[in-house]
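Notes to accompany the following structure.
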Amino acid sequence: MKLIVHKIRLKNIAHLGAFRDWVETTDYKACEQLDSVKAFAVFEASSEANAPFHFVETIYLESEQAFEQDMTTPLFQSLVSRFDEMAEVVEEFKGERIAQGYQQ
């Protein structure tokens, strides 16, 4: 399974509430409709205006190729459009899980 991790910085800390609301009401629901996304979560890291990043998102994929195809859909593009109004990805990591790992 592939993992993408994004560190996200708000363009304006005043967008904090709107961004959280958008993640909960729009982003999570839309990602359920993307076949390539197996799991998706956003974590608030800081609410300080001068923080290097405010959120971290994790995206688990079966296939990067399938995700790239999903990225061309109108649904995904609508997510990008709204995201870009409020925030930016300041760092990205990609990796592949080693074996099953541990989960309780």
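FYI, in our numbering the residues of the sequence shown are -17 to 86. Just so you know, even glycine gets a beta-carbon here, dropped at the ideal spot from N, CA and C. Here the structure is a predicted model, which is why all the values come from computation and not from measurement.
Bridge pairing for PHE37: ILE(-10) and GLU26 [DSSP]. In the three-state reduction of the DSSP assignment, GLY83 falls in the coil class. In the pairwise beta carbon analysis, the region 17 to 30 is classified as not touching the region 67 to 79: fewer than three pairs are separated by under 8 angstroms.
Linking ARG64 to GLU50 through their CA atoms gives a straight-line distance of about 19 angstroms. In the DSSP annotation of this structure, the continuous segment of the alpha helix (DSSP H) that includes GLU46 starts and ends at 46 to 52. DSSP places GLU14 outside both helix and strand once states are collapsed to three, so it counts as coil. Between LEU(-2) and SER18, the gap from beta carbon to beta carbon reaches 8 angstroms or more. Rounded to whole angstroms, SER60 and THR54 show a C-alpha spacing of 10 angstroms. The three-state secondary structure of ALA21, taken from DSSP, is strand. Judged by beta-carbon spacing, LEU(-8) lies beyond the 8 angstroms limit of PHE58, meaning their Cβ atoms are not closer than that value.
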